[in-house]
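Novice: Could you have a look at this structure, given as structure tokens, before my questions?
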Amino acid sequence: MASRRRMLLKVIILGDSGVGKTSLMNQYVNKKFSNQYKATIGADFLTKEVQIDDRLFTLQIWDTAGQERFQSLGVAFYRGADCCVLVYDVNVTKSFERLNSWREEFLLQASPSDPENFPFVVLGNKIDVDGGNSRTVSEKKAKAWCASKGNIPYFETSAKEGFNVEAAFECIARNAIKNEPEEEIYLPDTIDVGGAGRQQRSSGCEC
Amino acid sequence: MRGEEAAAAEARCPRSPELHDLSDDSDYAAAAAASSNHTVMRSDLADKGSVETARADVVYEKEGVTIHPMQYGSGRISGILRLYLQQGSLFLSWDPNEEVDSFSTSSATMEIEKYRNLYTVKALPLNDVRFIRKHSPAFNIGAEYIIIVLSSGLAYPPFYFYNSGLRELFASLKKHVFIIRSDDDPNVFLVNDFQDPLQKSLSSLELPGVASVANAMSRQNSFSFTGSVDEARHVTPSSMTEYVSKQKHKSNDPGRDLSIQVLEKFSLVTKFARDTTSSLFRENHNSGARTYGRQQQKHVLDNRANDKYTDHPITPDKGSLPSDSIESDNLPLVWGKQRDNPLSVEEWSNFLDPEGRVMDSKALRKKVFYGGVDHVLRKEVWKFLLGYHEYDSTYAEREYLAVMKRTEYEAIKSQWKSISPTQAKRFTKFRERKGLIDKDVVRTDRSVPYYEGDDNQNVVVLRDILLTYSFYNFDLGYCQGMSDFLAPILYVMEDESESFWCFAILMERLGANFNRDQSGMHAQLLALSKLVELLDPPLHNYFRQNDCLNYFFCFRWVLIQFKREFSFDQIMLLWEVLWTHYLSEHFHLYLCIAILKRYRSRIIGEQMDFDTLLKFINELSGQINLDRALQDAEALCSVAGDNGAACIPPGTPPSMPIETDGGLYVQQDEVL
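Quick note, the sequences are listed as chains P and E, same order. Mapped onto the working numbering, the consecutive letters of the first sequence carry residue numbers 34 to 240. Mapped onto the working numbering, the consecutive letters of the second sequence carry residue numbers 2 to 673.
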């Protein structure tokens, strides 16, 4: 136990161009929103120290280019991911419809050891736009899709107003931790992982 | 090409069964006999003030071996050429005499003094030598000379033997290293040409005669321009910490980045050698000789490429390398050429004839390459650099072109302008393309006053041009990054049609950056990797060991040609420099290396992994000194020369794409 190191949790944010991936990351890490973000070219990441149940973690959040054309770069950036965040814009139906292909592309390129149980979290962003009047994807529809994919936790967020962003990322962190036990080499005396934790995950976050 | 292969094959399988045999060569048989008398065995050279030759066995020594720094007229520097054995390996050194020869004019003397140290060869391991070219003057008038060419392709300036001694040199070489006369060119002597399997197996048996050569081969892979001279020994794991701490002390003084300094020292040597040899070859009407050298270098490079899958980590091998410290090596600082002033209005008018033709396009490109363009001239000059205007077009022809192209632009634009909302509903591809462009133009250079603020008309023009382009080049369509390229062009041109055509012609070269299969990007990143391998093997090895060879951390640099790394003003300067294609079409790749080399000691010293490196590179945005990076890149590009060009596959952007039957942008059918 003495040699416990702060664990790195790697999180990848995916979704169509312009759904707010960079904004969500910046809102969570820097508590800032800007209308002047540029389209992400390649990939970048931010890190944030988080405390979950008295344990400290470093959350490494990867922001990637949203255009489909750049997906082939994923191989380099997705490897070693602990959780994948799928983002869509509640005002753009197409961005919701593309969630499935983002999910499949991720599983293909990251090739996690246990794809069936790899943790995803879905965020429906930009709920602030036009007071919700321009919304084209309902919460019900989104939740139904999440349920059909093994109860993926779902959050509605506004990166601009900071709404629900903290809660979403706490859930993301918790799910990432649950993905970690297989590599829990830092806790040689207290391996207590079993399948229990992972089975619970599918019921979503109670946070 | 066939001849080259044959030569290489011959070189690999020398006809003679005996490894060191040159007995078919009567010159050398005689010289060998003579050389035993000339061979000097000394164990005390302290009086020569040469620390690294202490406790070395000198096997050859010749005074009056001279080089001619020809750019300073009749100037010549005489010195002592030595071969010596140290710990089983053979080294070559050349120490200039203290006084400049009286042949020199007094004005040249100062310059030569300045470069005395530059030409000094301290301890060149023969293992690093690829071949030695011997040149004998016609009718025995004048002195014989040799040019030593390293495995890296670097060449030393010619050494002239005014007092004979060349035979003895070869005889000594023959005794201690594996050297054969090339079948292709009797004046070329291949050193350490160990391609033959039989020889390899012999070397693995460590027979006394070949042992040193075998050692040589294992070390050859850690050789580099910088490495062989000063740096490789500092980048060995055992002395890494020391090296890093030294570098850290200097980090506040960027002028002292040693890798660049040493590199540039060699840049000058190489340029010098190239100039000298080409001039000499011209003098002797011997055009074939130079071609051979180039082919040979290519051959060397091919061998290196073939070796890439064999792992040769840098091994600490202090014993074989002399151990003077960086500090004691008081090299003169030689930099890439100083940046020039931007092309001025007056200079520009001097480039034009009365009808408006550019009279000397090469001189113009050179001027822009070294200094950029005054902003007021960009609107005019960029059209030439981009290739939209022909250099030999007249004012009248250009005016006519502008009118014609405007009409053509409007016609293409009307293709999407005429799509009604009802038609758009049934045209998913159009809607999505337009949506993507709409999203990107509002986040492109909005902090630049020209694109600032709500309802900015210039942003609308950006959108219109990009959408029109996606119809003009429907196969390629729109891709993120294109708006980054267009924004400065529109800012400069201030005209929709002219901007469109300039952008379109730029995309002829850079469109492949946006290919769906990323082939254009992969080609450039691969070329980048090859160039780093050539120009900085220790850094290449570091990237390989840390799983960074995909160079994805340079993806943004390459995709949009450093657009996100520099200010708007700087990017206009950088792009016009790149567009000249003056030293290389792929100058941007040398710029990548120049920047990486600037930070190499941090990258290696802090043991950055892929993630950290990517983050580090991304955060360099806004931190890079452009002028210095351009200067460094110029030096690197000159050093690399033909070997650098050979690292870059044909058709690599921004070279013009190789056309295929199916059109320029053969794409799988995808949504966008």
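By construction, the Cβ of each residue, glycine as well, lies at the ideal position given by its N, Cα and C atoms. Predicted model, so just to flag it, every value in this text is computed and none were measured.
Inspect the beta-carbon positions of Gly48(P) and Gly107(P) and report whether they are closer than 8 Å.
Specialist: no
Novice: List in chain order: all unbroken alpha helix (DSSP H) runs of 4+ residues lying wholly within the segment 132-191 of chain E.
Specialist: 167-177
Novice: Which residue from Pro158(E), Asn542(E), Val150(E) puts its Cα closest to that of Val189(E)?
Specialist: Checking every option, the nearest Cα to that of Val189(E) belongs to Val150(E).
Novice: Taking only beta-carbon atoms, is Asn619(E) less than 8 Å away from chain P?
Specialist: yes
Novice: Straight-line CA distance for Tyr70(P) to Asp393(E)?
Specialist: 43 Å
Novice: Within 8 Å (strictly less), CB to CB, does Ser105(P) reach chain E?
Specialist: yes
Novice: In whole angstroms, give me the CA-to-CA distance for Asp537(E) and Ala641(E).
Specialist: 11 Å
Novice: Could you tell me which uninterrupted beta strand (DSSP E) segments, each at least 3 residues in length, are contained entirely in the segment 54-136 of chain P, listed from first to last along the chain?
Specialist: 76-85, 88-97, 116-122
Novice: Going straight from the alpha carbon of Pro654(E) to that of Gln571(E), what length do you get?
Specialist: 22 Å
Novice: Near Pro198(E), what residues of its chain come up, given a Cβ to Cβ distance below 6 Å and the 5 sequence neighbours on each side ignored?
Specialist: The predicted model places Pro198(E) with a pLDDT of 39, which falls under 50 and marks its position as unreliable; any figure quoted below should be read in that light. For Pro198(E), where only same-chain residues beyond five positions count, there are no Cβ hits under 6 Å.
Novice: Quick one: is Val198(P) buried, meaning 16 or more other Cβ sit within 10 Å of its Cβ, or exposed?
Specialist: buried
Novice: Does any C-beta atom of chain C lie closer than 8 Å to the C-beta of Gly53(P)?
Specialist: This model lacks chain C altogether; the protein chains it does include are P and E.
Novice: Counting only the same chain and skipping the five closest in sequence on each side, list residues whose C-beta sits under 7 Å from that of Ile740(E).
Specialist: Given a span of 2 to 673 for chain E in the structure shown, any question on residue 740(E) remains unanswerable.
Novice: Alpha carbon to alpha carbon, how far is Leu526(E) from Gln562(E)?
Specialist: 13 Å
Novice: Across the segment 109-124 of chain P and the segment 79-87 of chain P, are there enough close Cβ pairs to call them in contact, namely three or more that are closer than 8 Å?
Specialist: no
Novice: Which residue comes first and which comes last in the beta strand (DSSP E) that contains Phe567(E)?
Specialist: Neither: Phe567(E) is in no beta strand (DSSP E) and is coded neither H nor E.
Novice: Tell me, which residues are paired with Gln87(E) by DSSP?
Specialist: Ser90(E)
Novice: Take the Cβ of Val382(E) as the centre, count every other Cβ of all protein chains shown within 10 Å, and call the residue buried at 16 or more, exposed below.
Specialist: buried
Novice: Suppose contacts are defined by Cβ-Cβ distances below 8 Å. Is Leu86(E) in contact with Leu93(E) by that definition?
Specialist: no
Novice: In angstroms, rounded to a whole number, what distance separates the CA positions of Pro355(E) and Arg131(P)?
Specialist: Computed Cα separation, rounded: 60 Å.
Novice: Please list the residues of the segment 59-72 of chain P that have a C-beta atom closer than 9 Å to any C-beta atom in chain E, keeping them in chain order.
Specialist: Asn68, Gln69, Tyr70, Lys71, Ala72
Novice: Using a Cβ-Cβ distance cut-off of 8 Å, determine whether Arg102(P) contacts chain E.
Specialist: yes
Novice: Please report how far the alpha carbon of Arg601(E) lies from the alpha carbon of Pro539(E), in whole angstroms.
Specialist: Looking at the two C-alpha atoms, the distance is approximately 10 Å.
Novice: I need the DSSP call for Asp49(P), collapsed to helix, strand or coil.
Specialist: coil
Novice: Thinking just about the alpha-carbon of each residue, which of Leu615(E), Leu507(E), Gly143(E), Lys616(E) is nearest to the one in Glu586(E)?
Specialist: Leu507(E)
Novice: One question on the structure: do Val154(P) and Ile210(P) come within less than 8 Å of each other, judged by their Cβ atoms?
Specialist: no
Novice: Return helix, strand or coil for Ser191(P), following the three-state DSSP convention.
Specialist: Note: Ser191(P) maps to strand in three-state DSSP.
Novice: So with CB distances below 7 Å, who are the chain P contacts of Gly482(E)?
Specialist: By Cβ distance, chain P contributes Ile74.
Novice: Taking three-plus beta-carbon pairs below 8 Å as touching, is the segment 45-63 of chain P in contact with the segment 130-145 of chain P?
Specialist: The segment 45-63 of chain P and the segment 130-145 of chain P touch, with no fewer than 3 CB-CB distances between them shorter than 8 Å.
Novice: Could you tell me which of Lys430(E), Val461(E), Phe428(E), Thr429(E) sits nearest to Asp439(E), measuring between CA atoms?
Specialist: Val461(E)
Novice: What does the alpha-carbon distance come out to for the pair Glu409(E) and Gly372(E)?
Specialist: 35 Å
Novice: Hey, Glu497(E) and Asp456(E) are a contact pair by Cβ (cut 8 Å); roughly how many whole angstroms apart?
Specialist: No, Glu497(E) and Asp456(E) are not in contact; Cβ-Cβ is about 17 Å, not under 8 Å.
Novice: By Cβ distance below 7 Å, which residues in the same chain neighbour His286(E) in space, the five residues on each side in sequence not counted?
Specialist: No answer about His286(E) holds up, because its pLDDT of 40 lies below 50 and its placement is not dependable.
Novice: Consider the Cβ of Leu47(P): report whether some Cβ of chain E lies at a distance smaller than 8 Å.
Specialist: no
Novice: Output yes if chain P places a C-beta closer than 8 Å to the C-beta of Asp96(E); else output no.
Specialist: Using beta-carbon distances, Asp96(E) does not count as an interface residue toward chain P, since no partner is under 8 Å.
Novice: Quick one: complete alpha helix (DSSP H) runs, 4+ long, within the segment 568-653 of chain E?
Specialist: 569-580, 588-599, 601-606, 611-619, 627-646
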